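Beneath this line is the structure, given in structure tokens, with notes to follow.
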Amino acid sequence: MDGAMQEDWVENARMIVDSARAIVPADGSLDRVRRLRAKGAGFERDVMAQAGALGLFLMRVGEEAGGLGLGLRETCELARVLGGGLVPEPILSTILAGRLLQGALPETVAAGEAVMLTAWQDAPRSLDWQGGLGGGRLSGRKVAIPGAEGADLFAVTTAAGVAVVPADAPGLTVTAEPTLDGGRLGTVAFDGVEAELLPCPDIGAAIGEAGLVHCAYLLGLSERALAITLDYLRVREQFGRPIGSFQALQHRATEMKIEVELARAAIFATARRLDTGTGGDAARRGIARCRLRASSSTMRVVREAIQMHGAMGITDEADIGLFVCKAMVETGFFGGAALQRRILSDLLDQGDAA
Amino acid sequence: MDGAMQEDWVENARMIVDSARAIVPADGSLDRVRRLRAKGAGFERDVMAQAGALGLFLMRVGEEAGGLGLGLRETCELARVLGGGLVPEPILSTILAGRLLQGALPETVAAGEAVMLTAWQDAPRSLDWQGGLGGGRLSGRKVAIPGAEGADLFAVTTAAGVAVVPADAPGLTVTAEPTLDGGRLGTVAFDGVEAELLPCPDIGAAIGEAGLVHCAYLLGLSERALAITLDYLRVREQFGRPIGSFQALQHRATEMKIEVELARAAIFATARRLDTGTGGDAARRGIARCRLRASSSTMRVVREAIQMHGAMGITDEADIGLFVCKAMVETGFFGGAALQRRILSDLLDQGDAA
Amino acid sequence: MSTDYNAMSDADFRAMVRAFVEAEYPADLPRYALHRLHWSEVKPWYLRLSARGWICPTWPRAYGGMELTAGKHLIYIDEMERHGCARVNDIGPVMLGPLLIKHGTEAQRARFLPRILSGEDIWAQGYSEPGAGSDLAAVRCEAVRDGDDWVITGQKTWTTLGMDANWIFILARTDKTVKKQAGISFLLVPMDAPGVTIRPILNLERDAEFCEVFFDAVRVPADHIVGAVNDGWTIAKALLGHERVFIGAPRLSASALARLRLQARAGGIWHDPAFRDRYVTLACEVEDLADLFETYVDALRDGRPIGADVAMLKICQSELYQRISDLGLEIAAETAGLGEPPDGDIRLHAAATWLSARPTTIFGGSTEVLRNMLAKAVLDLPS
Amino acid sequence: MSTDYNAMSDADFRAMVRAFVEAEYPADLPRYALHRLHWSEVKPWYLRLSARGWICPTWPRAYGGMELTAGKHLIYIDEMERHGCARVNDIGPVMLGPLLIKHGTEAQRARFLPRILSGEDIWAQGYSEPGAGSDLAAVRCEAVRDGDDWVITGQKTWTTLGMDANWIFILARTDKTVKKQAGISFLLVPMDAPGVTIRPILNLERDAEFCEVFFDAVRVPADHIVGAVNDGWTIAKALLGHERVFIGAPRLSASALARLRLQARAGGIWHDPAFRDRYVTLACEVEDLADLFETYVDALRDGRPIGADVAMLKICQSELYQRISDLGLEIAAETAGLGEPPDGDIRLHAAATWLSARPTTIFGGSTEVLRNMLAKAVLDLPS
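So the sequences go chain by chain: A, B, C and D. Reading the first sequence from the start, the letters are residues 6 to 359 in the numbering used here. Reading the second sequence from the start, the letters are residues 6 to 359 in the numbering used here. Reading the third sequence from the start, the letters are residues 127 to 509 in the numbering used here. Reading the fourth sequence from the start, the letters are residues 127 to 509 in the numbering used here.
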């Protein structure tokens with residue numbers, strides 16, 4: 006990679022992140038996040054509209070198709086900012102829809118006027134996305150869709166391509182369950198729903214990329230959770246000293262920092278490799294590794310964050326709790342850690358010379 | 006278990022431990038252990054004779070067969086003392102021979118005049134003991150026998166019973182490799198060795214018991230390694246303070262202590278259960294659990310012991326190094342940790358009502 | 127005088143407890159609940175235990191208790207756990223009662239014990255303060271003598287189920303001039319006294335499990351002190367007897383493991399070798415802990431003293447409980463963050479287990495404070 | 127002036143290094159050795175590198191070095207590692223040379239640098255003392271000015287391959303009246319000076335890898351000081367440049383992982399799902415570390431400053447190396463403690479890997495000292 010390209014992505018990422026600041030309060034306030042909990046679909050349409058207006062949904066749409074044609078690094082930087090702010094809007098899901106549909110992404114969606122979410126996952130603990138077809142129509146179900154009840158449209162992956170269906174299509178049912186972060190996790194069921202299937206040559210790759218981008222959301226979350234915990238360690242006193250002066254906590258805090266830095270390095274190196282041509286098994290391996298690291302480092306950070314906050318860590322009133330709950334909800338997405346290890350195990354003998 | 010029985014074993018164990026003090030220096034000196042390294046078979050016949058004179062080899066021979074008829078708890082207490090002194094003599098191997106042969110244990114062996122070791126293991130990473138037969142004679146090999154070159158006789162387990170063979174029997178070859186503790190780990194190969202097979206109804210159980218007793222050797226080793234490390238933490242100064250005053254090391258030291266205490270509790274509770282009638286899968290499960298705990302706690306203790314000793318921990322001159330090397334040699338006996346977990350996994354659905 | 131349960135054989139006693147529990151545990155109360163239930167929910171069960179004379183298993187029979195030995199008490203606990211009985215508001219039976227029996231006046235015993243037995247009084251504990259979580263002796267809540275009253279001003283926090291209580295016992299500073307442990311007294315305060323205010327604290331599931339209690343010049347009569355003035359720290363420290371052992375009992379870990387097994391079966395990964403490798407390791411740890419626990423129970427049974435090393439049990443149990451719950455959350459994957467139990471089965475609710483495991487390393491002596499103590503008192507490491 | 131290697135393309139440079147190594151690495155030297163080799167063994171390889179002008183890759187060309195950029199230096203290291211070249215006695219090329227170039231006098235450079243380049247002088251490092259392992263500034267070895275000489279009395283220890291060296295550089299206390307970092311000087315001492323005694327220290331495999339060096343009124347001329355009197359601590363601390371990054375390179379972990387794979391195959395457990403579950407976790411950690419390492423190499427390449435946070439690399443690499451070696455030891459089971467490689471193949475020798483992993487968390491800044499430093503310098507936690 007030459008210097009010019011390097012600069013390109015850094016500059017692009019900076020612009021994207023700057024624009025995302027419109028969504029994530031500069032002062033770090035989590036009031037909106039707190040207020041939105043257990044309300045409606047779990048997100049605000051206004052904010053989706055704002056994201057649309059900023060062009061975020063066009064990030065992964067190629068320039069030839071009228072998009073921004075940005076890379077995974079830029080998208081990861083965006084996701085990181087969103088994670089740091091615990092933004093509940095399903096922006097990444099719409100970005101994935103754009104990545105899948107390219108020029109076919111409806112203009113209303115791109116502009117943020119209509120909300121389109123991607124419904125790809127056939128079952129929990131699996132990365133299967135090919136289901137959802139039966140007798141030439143959509144049938145079956147797609148799971149694990151945050152905010153599903155707030156969607157106007159779904160981009161549905163199937164073995165035969167991507168279907169765009171309105172949420173009120175006959176035979177389509179959305180159900181959802183409350184999650185600990187105050188959001189709602191949806192399932193979309195199809196009972197012979199008519200839909201046009203748009204061809205997409207690399208659905209699996211696109212979903213893999215979305216899994217990587219989501220790692221960056223977790224990264225942002227854990228970076229901020231670590232920062233909040235370090236602040237607490239500096240000010241909270243016990244036995245007449247700030248608790249951050251106790252060596253046992255200091256050593257554990259350095260471990261949290263290392264976890265976060267490893268996640269950051271792995272995510273952006275993998276994004277760079279994918280941006281610069283890595284695909285196939287190498288990409289799958291890299292993504293699985295990032296998911297493993299991002300989920301384990303996030304859970305480690307929030308576990309330690311609770312412990313270091315003491316009793317405050319298990320209350321609803323301390324902000325750290327918002328990060329804990331969000332981590333519980335999000336770290337298991339894209340199949341969970343056990344699946345990642347299985348994928349990596351299965352890939353062990355691929356490309357293995359000996 | 007009533008109070009009287011409880012007292013019995015405690016009293017018996019006390020006597021056995023007292024007698025073992027004749028072998029393990031009261032002042033904790035490791036001079037003999039150090040001196041013996043890389044010399045001959047790795048142990049002293051005199052000490053085996055002493056153990057015989059103390060009756061140790063008759064511990065697990067029933068009273069009706071002229072033995073002491075003692076239980077596993079007493080044997081574990083003995084092993085614990087031997088482990089604490091890093092005693093290199095293969096006393097436990099001869100006790101196992103007594104357990105297998107009962108009244109058929111040669112008097113010269115019982116008296117410590119001849120050294121008999123048990124050759125049971127068919128292969129590393131396995132608990133198979135049934136091999137070693139071919140065409141009515143001993144054939145094949147038995148592995149992982151510490152001190153094998155110093156044996157006069159072997160008790161060899163086979164599917165058809167236990168064979169007693171002299172080390173100089175035609176067709177029997179002993180080979181050995183040096184181990185890091187200064188001992189030698191032997192393999193006995195049989196090329197059509199003639200031998201009488203003595204029936205033994207519960208060879209597998211006896212080997213399981215020996216595995217449990219060996220856990221107590223590891224326990225003694227790790228208890229002493231912990232004590233040495235705590236002593237070092239109390240006196241070694243860095244940055245003008247004893248390093249044992251640093252909270253990070255204190256917390257890790259409590260973890261070592263907990264590991265050792267869990268091992269102790271598990272080993273003696275399992276020994277009690279086996280002494281009071283538990284057998285079959287429950288016994289196998291208990292023994293596998295103890296081996297898992299004893300090996301992991303021992304390795305954890307010695308790993309931390311090295312780190313807390315700093316550079317001294319990796320030198321030959323500090324006593325802690327003797328414990329480290331012994332732990333490396335011994336924790337993997339009886340199949341190793343991975344095998345134990347596999348055994349436990351296989352037993353999961355046994356006796357599982359749901 | 128009530129029945130001498132200790133005269134029964136263990137087996138008979140167990141059968142009796144089991145039969146009672148199976149017959150009397152209210153059908154509409156949750157079993158194996160992970161959350162503490164409120165008094166409004168658990169009251170019927172408290173009253174049935176009370177009516178049977180079983181609400182205070184460790185109190186002397188002379189005071190209306192069962193006077194169980196450690197061994198019998200363990201069986202009692204076992205059977206309650208086995209049936210999944212909800213924990214009642216037990217601060218009175220477990221903490222205040224034994225304390226009054228040991229340190230109270232005859233008048234205090236006569237006044238308060240019967241009302242605990244009957245369920246008329248529900249007690250809460252007021253030890254922690256906002257500035258002093260791990261450092262309990264850093265009490266700032268103050269009690270000043272004014273005529274025949276103590277006048278209390280200050281704040282307590284992390285009072286479990288405080289909103290259900292009509293009485294609270296607190297540690298209050300009665301002498302600011304001496305070293306911090308020496309100027310603390312133990313006071314009894316009615317929750318409806320003028321100047322007492324309660325603010326619930328929501329936990330991460332947004333249940334009001336704890337509360338803050340504010341004291342604004344609250345007056346209580348002079349005889350509401352237990353023990354001598356300025357001797358409260360000694361009393362509070364000595365409070366826990368058996369509890370120091372039972373707080374490290376393997377039951378939370380064991381039941382989390384059982385739930386993990388059910389969850390793995392329901393999720394179709396029970397036969398996955400990689401999962402099993404992790405599962406058996408945790409299962410062994412639970413059994414190891416149970417064996418270690420048993421050595422302390424044996425000591426209790428034999429009347430041998432329990433040393434500071436018993437804190438190992440609590441460290442071990444709470445961290446193991448958390449690690450088991452971590453694996454449960456991991457295998458739940460996309461369903462890990464659900465707010466409600468899958469299929470309505472609380473045992474399959476990994477998130478609830480995970481959250482319920484968190485406070486165990488914080489309350490009742492944080493793991494860090496216990497490790498500091500072990501390093502000094504047990505390992506004899508220097509300060 | 128020698129070749130400007132930095133003008134070559136990376137690919138050409140790599141190909142050149144590889145060709146040289148493959149042609150010139152002595153056939154009778156071990157490859158992928160886990161132990162440090164002695165001078166008697168490794169001398170031919172030193173001399174061939176020296177003859178090629180490649181023994182000092184980072185020195186300026188003006189002084190006889192290759193003057194490689196960080197990127198080129200990485201390629202150089204990569205290719206050495208790839209072939210499994212033994213590490214030479216490199217204290218002169220890596221530590222003393224750069225230090226003299228920066229802080230020495232022209233006379234010192236003229237005298238010592240050529241002899242390092244040629245292999246005539248083999249240097250050893252004398253920092254640690256028996257009382258001061260982690261606390262390097264607690265220097266007690268003393269140098270007193272007497273006429274035109276420094277007279278040195280004291281002891282150094284953990285001097286790697288000290289028995290192979292004819293020179294040693296030491297930190298000595300030259301002012302006892304100031305705070306401990308301020309009274310230290312950096313001195314050069316010939317090993318054959320009267321009063322120098324060496325005692326080898328055996329490691330756990332009973333190899334003499336380190337030694338103690340005793341100084342009994344050893345006299346060196348006044349010009350054997352580097353930098354100003356009492357300024358030795360500053361010089362010693364600034365010594366490590368690139369090295370702070372490279373000490374955290376993933377290569378030790380990566381090669382331990384490769385050996386673990388071979389060992390698992392040889393032991394027949396490569397396809398065991400439980401083993402694989404553990405293996406892939408470690409393999410991912412190695413790749414994560416490699417990615418983190420790369421961010422620092424990028425900074426070096428771009429000439430950006432390296433902060434104190436680089437210590438994370440070393441903590442991470444050394445602990446990971448150890449955890450990989452722990453799994454290797456575990457799967458070796460009954461063969462774990464063998465003193466010699468199974469089938470003579472060092473790569474299958476789990477014990478050797480395990481032992482070689484131990485010092486990495488102790489030397490070069492112990493993990494504990496680095497964590498203390500990170501907590502303060504990077505996380506900004508209070509003292």
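Idealized CB from N, CA, C, for every residue including glycine. Note that this is a predicted model, so its numbers are computed, not measured.
Below the 8 Å Cβ cutoff, chain B contributes Ala-270 and Ala-274 as neighbours of C:Glu-420, in chain order.
Residues of the stretch 231-263 of chain B with a C-beta less than 9 Å from any C-beta of chain A: Phe-251, Gln-252, Ala-253, Leu-254, Gln-255, His-256 and Arg-257, listed in chain order. Non-local C-beta neighbours of C:Glu-445 in its own chain, meaning closer than 8 Å and more than five positions away in sequence, comprise Thr-487 and Thr-493, ordered along the chain. Here the C-alpha atom of B:Ala-343 lies approximately 21 Å from the C-alpha atom of B:Ala-211.
In terms of Cβ geometry, B:Ala-58 and B:Gly-117 form a close pair [threshold 8 Å]. DSSP lists D:Phe-341 as the bridge partner or partners of D:Gly-280. Pairing C:Val-352 with C:Gly-490, the inter-Cα distance amounts to about 22 Å. For the 8 Å CB-CB criterion, B:Leu-91 and B:Lys-262 do not form a contact. The beta carbons of B:Gly-216 and B:Pro-151 sit no closer together than 8 Å. By the neighbour-count criterion, in which a residue is buried when 16 or more other Cβ atoms sit within 10 angstroms of its Cβ, B:Val-169 is buried. B:Ala-258 sits away from B:Leu-223, with the two beta carbons spaced by 8 Å or more. A direct Cα-Cα distance of roughly 37 Å separates D:Leu-439 from B:Ser-350. Taking 3 residues as the shortest admissible run, the stretch 291-334 of chain B contains no complete beta strand (DSSP E) segment at all. Closest in C-alpha terms to A:Val-265, from the list A:Arg-85, A:Thr-162 and A:Val-22, comes A:Arg-85. Note that the C-beta distance between B:Leu-106 and B:Leu-177 is not below 8 Å. Between the stretch 265-284 of chain B and the stretch 71-81 of chain B there are three or more inter-stretch CB-CB distances shorter than 8 Å, so the stretches are counted as touching.
DSSP places D:Met-438 in the uninterrupted alpha helix (DSSP H) bounded by 437-458.
Annotation: D:Ala-343 has no Cβ neighbours in chain A at a cutoff of 8 Å; minimum Cβ distance is about 40 Å. Per DSSP, the continuous alpha helix (DSSP H) segment holding B:Gln-252 begins and ends at 252-280. Burial check for A:Gln-355: the Cβ neighbour count within 10 Å stays below 16, so the residue is exposed. Any Cβ of chain C closer than 8 Å to the Cβ of A:Gly-197 would place that residue at the interface, and such an atom is absent. In this structure A:Leu-231 is not in contact with A:Met-313, their Cβ atoms being roughly 10 Å apart against a cut-off of 8 Å.
Our two residues, C:His-199 and C:Val-270, have alpha carbons roughly 40 Å apart in a direct line. An exposed status is given to D:Ala-434, since fewer than 16 other beta-carbon atoms sit within 10 Å of its beta-carbon. In summary, A:Gly-108 is exposed, with fewer than 16 beta-carbon neighbours lying within 10 Å of its beta-carbon over all protein chains present. Between D:Ile-278 and D:Val-168, the gap from beta carbon to beta carbon reaches 8 Å or more.
The DSSP assignment places complete alpha helix (DSSP H) segments of no fewer than 4 residues inside the stretch 218-260 of chain D at 223-229 and 232-244, in order along the chain. Burial is judged here by how many other beta carbons sit within 10 angstroms of a residue's own beta carbon; C:Val-265 has at least 16 and is buried.
Cα atoms of C:Pro-376 and C:Ala-250: separation of roughly 26 Å, rounded to the nearest angstrom. Under the criterion of beta carbons closer than 8 Å, D:Asp-417 and A:Ala-270 qualify as touching, at roughly 4 Å. 8 Å or more divides the Cβ of B:Ile-100 from the Cβ of B:Thr-162.
Taking CB atoms only, C:Ser-381 has no neighbour in chain B less than 8 Å away.
Note that the C-beta distance between A:Leu-297 and A:Arg-39 is not below 8 Å. When beta bridges are read from the DSSP output, D:Thr-285 appears opposite D:Cys-337.
Rounded to the nearest whole angstrom, the CA to CA distance from D:Leu-378 to D:Gln-448 is 10 Å. Here the alpha carbon of C:Ile-361 sits roughly 10 Å from the alpha carbon of C:Leu-226.
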